[in-house]
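J.: I have a structure here, written as structure tokens, and I will follow up with some questions on it.
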Amino acid sequence: MRNSTRSGVDPFIVMDVMEAARKAEEAGRTIIHMEVGQPGTGAPTGATAALTQAMQHEPLGYTVALGMPALRQRIARMYGEWYDVDLNPDRVVVTPGSSGGFLLAFTALFDSGDRVGIGAPGYPSYRQILKALGLVPVDLPTAQENRLQPVPADFAGLDLQGLMVASPANPTGTMLDRTAMGALIEAAQGQGASFISDEIYHGLEYEAKAVTALELTDECYVINSFSKYFSMTGWRVGWMVVPEDQVRVVERIAQNMFICAPHASQVAALAAMDCDEELQANLDVYRRNRALMLEGLPKAGFTNIAPPDGAFYVYADVSELTNDSQAFAAEILDKAGVAVTPGLDFDPQRGHTTLRFSYARSSDDIAEGLSRLARFMTERGLSKAKA
Ligand SMILES: Cc1ncc(COP(=O)(O)O)c(C=O)c1O
0 MRNSTRSGVD PFIVMDVMEA ARKAEEAGRT IIHMEVGQPG TGAPTGATAA LTQAMQHEPL
60 GYTVALGMPA LRQRIARMYG EWYDVDLNPD RVVVTPGSSG GFLLAFTALF DSGDRVGIGA
120 PGYPSYRQIL KALGLVPVDL PTAQENRLQP VPADFAGLDL QGLMVASPAN PTGTMLDRTA
180 MGALIEAAQG QGASFISDEI YHGLEYEAKA VTALELTDEC YVINSFSKYF SMTGWRVGWM
240 VVPEDQVRVV ERIAQNMFIC APHASQVAAL AAMDCDEELQ ANLDVYRRNR ALMLEGLPKA
300 GFTNIAPPDG AFYVYADVSE LTNDSQAFAA EILDKAGVAV TPGLDFDPQR GHTTLRFSYA
360 RSSDDIAEGL SRLARFMTER GLSKAKA
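Under numbering that gives the first Met the number 0, read the sequence shown as residues 0 to 386, first letter to last.
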């Protein structure tokens, strides 16, 4: 059977790394996982308890397409608590993960052939989902001096219909402050481009609180998820905040594409929003891990890194060590038993000289991974590499 041209999307290389790591484990090796972008912890206990209870008393059939009203209201309340933003719960759409949010947002906002700017490096699925929907991802190569976040000059005159940003970002963990975010919103809107803000790593911040685009404008789509701060990746539940006059458009698409986000996950997500103590304890682990990474990576010889403001990643420029990040990552997995992600997933042009290290696992794992990396780099004669 023939395939559509739209379906020719690239594989997610980190998944191939995960598979290679799994095979090594199957063969009896212990692998330290610095490749996966997910918490090592499960859903908070309050979330699983609420679901256990609901499973005994409710059929958990479809919910309405926009999500359980109680969950939409609780999410809206969180905007007051976290950002002092007064949000109408009617604007909240519960989605099957933020990934489901991207599908809804891109479908609601763009026509075939529309051009959407995305920062490079950036989360790979933006590009692939856009392509699969017949849209045109426009890579905006970002600069070190802008901490690998886009700035208005990067898309001046590019005739975009959309601009997608993430703060804190994957793979860099860098954030847009209020001024930087404001400038992007203004420049995008000035060009007639819809502004979409991926805020999935909010709550995982180490120096300053992340700014939501909703503090600056109502004319935007904000996408978020229970996957990261709430530690619920496999539950596939997230949300989107859209302008009031877009709710019905999104609702009609959601009804047809998904019917609803998983009901069981919505029940758990609602309870997770009151599990702050446990979630803050997870954050304390990431904070410790971040400190370990910022000390251990340069010592091992990965000297060209920018301290991340949030999320749980460090993005390293390894151009002095290799020009083939995929082969280098494979060697690190083979020789050091540490799985890391080659930058090509995030930046098709420059990613052959970058690696992403995730520090979402336990602090013991991170310490062990760092000492393995240091040993590997010494044995390879690379530990003295200069930035
Ligand atoms: C920046 C970013 N956005 C979205 C996602 C997808 O998350 P979800 O589990 O909510 O679909 C990820 C996953 O790693 C991510 O890093």
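Ideal placement from N, C-alpha and C gives every residue a C-beta, glycine not left out. No experiment lies behind these values; they were computed from the predicted model shown.
On a Cα-Cα basis, can you pick out the residue from Met239, Phe194, Pro43 that is closest to Ile117?
T.: Locating residue 117 in the sequence shown gives position 118, counting from the first residue. Ile117 has its Cα closest to that of Phe194, out of Met239, Phe194, Pro43.
J.: Leaving out five residues before and five after Ser318 in sequence, what residues of the same chain have Cβ atoms less than 6 Å from its Cβ?
T.: The residue you call residue 318 lines up with position 319 of the sequence shown. Here the set comprises Thr352.
J.: Under 8 Å, with one C-beta from each stretch per pair, do the stretch 145-155 and the stretch 287-303 reach the 3-pair mark?
T.: The stretch 145-155 makes no contact with the stretch 287-303, as fewer than three CB pairs between them are under 8 Å.
J.: Measuring CB to CB, does Ala271 end up less than 9 Å from Met231?
T.: Within the sequence shown, residue 271 is the residue found at index 272, counting from 1. Within the sequence shown, residue 231 is the residue found at index 232, counting from 1. Contact flag set, yes.
J.: What distance in whole Å lies between the Cβ atoms of Val339 and Arg355, which are believed to be in contact at a cut-off of 8 Å?
T.: The residue you call residue 355 lines up with position 356 of the sequence shown. The residue you call residue 339 lines up with position 340 of the sequence shown. Sure, about 7 Å apart at Cβ, within 8 Å.
J.: Quick check on the burial criterion: 16 or more other C-beta atoms within 10 angstroms. Buried or exposed for Asn322?
T.: For this step, residue 322 is matched to residue 323 along the sequence shown. Result: exposed.
J.: Rounded to whole angstroms, what's the CA-CA distance from Trp81 to Thr211? Just pull it up for me.
T.: Numbered from its first residue, the sequence shown carries residue 81 at position 82. Numbered from its first residue, the sequence shown carries residue 211 at position 212. Cα to Cα, Trp81 sits roughly 10 Å from Thr211.
J.: Of all the options Tyr205, Gly189, Ser361, Asn145, which has the alpha carbon lying nearest to the alpha carbon of Leu162?
T.: The sequence position of residue 162 within the sequence shown is 163, counting from 1. The shortest Cα separation from Leu162 among Tyr205, Gly189, Ser361, Asn145 belongs to Gly189.
J.: What do you get for Pro391, buried or exposed, if any count of 16 or more other CB atoms within 10 angstroms of its CB means buried?
T.: There is simply no residue 391 to check, as the chain begins at 0 and stops at 386 in what is shown.
J.: Is Thr353 a contact residue of ligand 1, with contact defined as CB to any heavy atom under 8 Å?
T.: Here residue 353 refers to the residue found at position 354 when the sequence shown is read from its first residue. No - ligand 1 has no heavy atom lying nearer than 8 Å to the Cβ of Thr353.
J.: Are Arg371 and Ile128 closer than 9 Å when you measure CB to CB?
T.: Reading the sequence shown from its first residue, position 372 is the one you call residue 371. Reading the sequence shown from its first residue, position 129 is the one you call residue 128. Cβ atoms of Arg371 and Ile128: not closer than 9 Å.
J.: What are the boundary residues of the alpha helix (DSSP H) that Trp81 is part of?
T.: For the purposes of this step, residue 81 is taken as the residue at position 82 of the sequence shown. Start and end: 68-82.
J.: Tell me whether Ala165 sits in a helix, a strand or coil according to DSSP, three-state version.
T.: As a first step, residue 165 must be located in the sequence shown, where it is residue number 166. If DSSP states are grouped into helix, strand and coil, Ala165 belongs with the strands.
J.: CB Val115 to CB Gln160, shorter than 9 Å?
T.: The residue labelled residue 115 in the question sits at position 116 within the sequence shown. The residue labelled residue 160 in the question sits at position 161 within the sequence shown. In this structure, Gln160 lies closer than 9 Å to Val115 by Cβ.
J.: Say whether the stretch 174-182 touches the stretch 246-255, bearing in mind that this needs 3 or more beta-carbon pairs closer than 8 Å, one atom from each stretch.
T.: no
J.: Return the chain-ordered list of same chain residues with a C-beta closer than 6 Å to the C-beta of Ala384, the five sequence neighbours on each side being excluded.
T.: In the sequence shown, counting from the first residue as 1, residue 384 sits at position 385. With a pLDDT of 48 at Ala384, under the threshold of 50, the modelled position of that residue is not reliable, and the figure given next carries that caveat. Within the same chain, Ala384 has close Cβ partners Gly300, Glu319, Leu320.
J.: Counting along the chain, where does the beta strand (DSSP E) carrying Tyr285 start and finish?
T.: By 1-based counting over the sequence shown, the position of residue 285 is 286. Counting along the chain, Tyr285 falls outside any beta strand (DSSP E), though it belongs to the alpha helix (DSSP H) covering 275-299.
J.: Could you spell out where the beta strand (DSSP E) holding Ile222 opens and where it closes?
T.: The residue labelled residue 222 in the question sits at position 223 within the sequence shown. DSSP places Ile222 inside the beta strand (DSSP E), whose first and last residues are 220-224.
J.: Alpha carbon to alpha carbon, how far is Asp244 from Gly27?
T.: Within the sequence shown, numbered from 1, the residue matching residue 244 stands at position 245. Within the sequence shown, numbered from 1, the residue matching residue 27 stands at position 28. Each residue's Cα considered, the two are about 56 Å apart.
J.: Please report the distance separating the alpha-carbon of Ala20 from that of Gln325.
T.: Taking the first residue of the sequence shown as position 1, residue 20 is located at position 21. Taking the first residue of the sequence shown as position 1, residue 325 is located at position 326. If I take the Cα positions, the gap works out to 14 Å.
J.: May I have all residues whose beta carbon comes closer than 6 Å to any heavy atom of ligand 1, sorted in chain order?
T.: Gly36, Gly96, Ser97, Ser98, Tyr122, Ala165, Asn169, Asp197, Ile199, Ser224, Ser226, Thr232, Gly237
J.: Would DSSP call Ala119 helix, strand or coil?
T.: In the sequence shown, the residue the question calls residue 119 occupies position 120. Ala119 falls in the strand class under three-state DSSP.
J.: How long is the line joining the alpha carbons of Gly336 and Lys227, rounded to whole angstroms?
T.: As a first step, residue 336 is located in the sequence shown; it is residue number 337 there, counting from the start. As a first step, residue 227 is located in the sequence shown; it is residue number 228 there, counting from the start. So the alpha carbons of these two residues sit roughly 25 Å apart.
J.: Confirm, please, whether the CB-CB distance from Val91 to Leu332 is below 9 Å.
T.: Working through the sequence shown from its first residue, we reach residue 332 at position 333. Working through the sequence shown from its first residue, we reach residue 91 at position 92. Result no, Cβ atoms of Leu332 and Val91 do not sit closer than 9 Å.
J.: Ignore the nearest five residues each way along the sequence and tell me which others in Ala23's own chain have a CB closer than 6 Å to its CB.
T.: The sequence position of residue 23 within the sequence shown is 24, counting from 1. Around Ala23: Ile30.
J.: Output yes or no for whether 9 Å exceeds the beta carbon distance between Met67 and Leu381.
T.: To locate residue 67, count along the sequence shown from 1; it is residue 68. To locate residue 381, count along the sequence shown from 1; it is residue 382. In this structure, Leu381 does not lie closer than 9 Å to Met67 by Cβ.
J.: Straight-line CA distance for Asp217 to Val241?
T.: Taking the sequence shown and counting its residues from 1, the one referred to as residue 217 is at position 218. Taking the sequence shown and counting its residues from 1, the one referred to as residue 241 is at position 242. Their Cα atoms are separated by approximately 8 Å.
J.: Do you know offhand how far Ser166's Cα is from Gln52's?
T.: Working through the sequence shown from its first residue, we reach residue 166 at position 167. Working through the sequence shown from its first residue, we reach residue 52 at position 53. So the two alpha carbons sit approximately 36 Å from each other.
J.: Keeping to the same chain, check which residues put their C-beta closer than 7 Å to that of Asp9; ignore five residues upstream and five downstream.
T.: For the purposes of this step, residue 9 is identified with residue 10 of the sequence shown, where counting begins at 1. Taken in chain order, the residues that qualify are Gln127.
J.: Taking the continuous alpha helix (DSSP H) assigned at Ser324, which residues delimit it?
T.: Locating residue 324 in the sequence shown gives position 325, counting from the first residue. Taken as a continuous stretch (DSSP letters only), the alpha helix (DSSP H) holding Ser324 covers 324-330.
J.: In three-state terms, what does DSSP make of Gly233?
T.: If you number the sequence shown from 1, residue 233 lands on position 234. If DSSP states are grouped into helix, strand and coil, Gly233 belongs with the helices.
J.: Mind checking Met14: buried by the 16 CB within 10 Å criterion, or exposed?
T.: Position 15 of the sequence shown, counted from the start, is the residue given in the question as residue 14. Exposed.
J.: If you compare alpha carbons, which of Pro120, Val137, Pro58, Val93 is closest to Asp113?
T.: Here residue 113 corresponds to residue number 114 of the sequence shown, with the count starting at 1. It is Val137.
J.: Which residue's Cα is closest to the Cα of Asn281: Arg1, Gly39, Thr106, Glu18?
T.: Within the sequence shown, residue 281 is the residue found at index 282, counting from 1. Here the closest residue by C-alpha is Gly39.
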